[in-house]
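Report on one structure; see the data block that follows.
Here it is as C-alpha cells:
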C-alpha cells in the first residue's frame, strides 16, 4: 500500500491578516498553535483549506489581505514517500480570482488538485470541507503557565487533578 500525503510545511503571504511571508514547518509532528485572539491561529487552518479547495463564487470568504499590496499566496508542501509536492494557490495583484499550481517532485506542473488528490472530490468544497475549531468560553480558558506543557494538556483534558495525584 502506498503512503499517503502528509503536510510538511505551509507558506502564507497576503492571506487574511498575514502580510510578511510566514513559513510553518509541520514535518510529521503534532502541531499545537497557541496565541492571543486575532493573531492568525484560525487563518493557518483556513489557508490550508483555501489552498486545496479555493473559494466558492458569491461567498463572503475573502482570502486576500486588503491592506497588503502584494499577491495573496499560500504554498502547501505535502510529502509522499519522502518526496515533496508543492500546492500553490495565489491571487495575483491585478485580479480577485485565484489560480492553483501543483508541482510534483520532478518539477512537472498540474492545474487541477483533484487529479493529484482524487479523494478530495468526496469532500467537495461545500458542506464537507470544514475546518473545525474548538472554542472555549472566556471563563473556561486555561490560566496555566505554558512552561510545563504536559500540565497544560492535562488541564485542557480536565485531567489536572489526576496529574496532581500522580505527582504525590
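Residue numbers (our numbering): 14 to 181.
Beta carbons are placed, not taken as given, at the ideal position from N, Cα and C, and that holds for glycine.
At the level of alpha carbons, what is the spacing between residue i and residue j?
i: residue 123; j: residue 107; result: 23 Å
i: residue 36; j: residue 103; result: 16 Å
i: residue 29; j: residue 116; result: 24 Å
i: residue 33; j: residue 27; result: 7 Å
i: residue 54; j: residue 94; result: 29 Å
i: residue 97; j: residue 49; result: 32 Å
i: residue 90; j: residue 128; result: 17 Å
i: residue 64; j: residue 56; result: 12 Å
i: residue 79; j: residue 20; result: 28 Å
i: residue 109; j: residue 31; result: 17 Å
i: residue 85; j: residue 66; result: 15 Å
i: residue 81; j: residue 75; result: 13 Å
i: residue 159; j: residue 47; result: Because residue 159 carries a pLDDT of 47, less than 50, the predicted location of this residue cannot be relied on, and the following value inherits that uncertainty. Their backbone Cα atoms lie some 10 Å apart in a straight line.
On a CA-only basis, which of the options is nearest residue i? Give me that one, please.
i: residue 22; options: 119, 88 and 127; result: 88
i: residue 100; options: 109, 83, 118 and 75; result: 118
i: residue 18; options: 77, 105 and 40; result: 40
i: residue 38; options: 51, 52 and 61; result: 61
i: residue 130; options: 47, 92, 46 and 58; result: 92
i: residue 105; options: 126, 77, 120 and 132; result: 77
At which residues does the beta strand (DSSP E) containing residue i begin and terminate?
i: residue 26; result: 19–26
i: residue 37; result: 35–38
Does DSSP put residue i in a helix, a strand or coil?
i: residue 94; result: coil
i: residue 30; result: coil
i: residue 46; result: coil
i: residue 79; result: coil
i: residue 115; result: strand
i: residue 89; result: strand
i: residue 172; result: coil
For the alpha helix (DSSP H) containing residue i, name the first residue and the last one.
i: residue 62; result: 54–66
What are the residues that DSSP puts in a beta bridge with residue i?
i: residue 132; result: DSSP output for residue 132 lists no bridge partner at all.
i: residue 121; result: In the DSSP output, where bridge partners are listed per residue, residue 121 has none listed.
i: residue 104; result: 85
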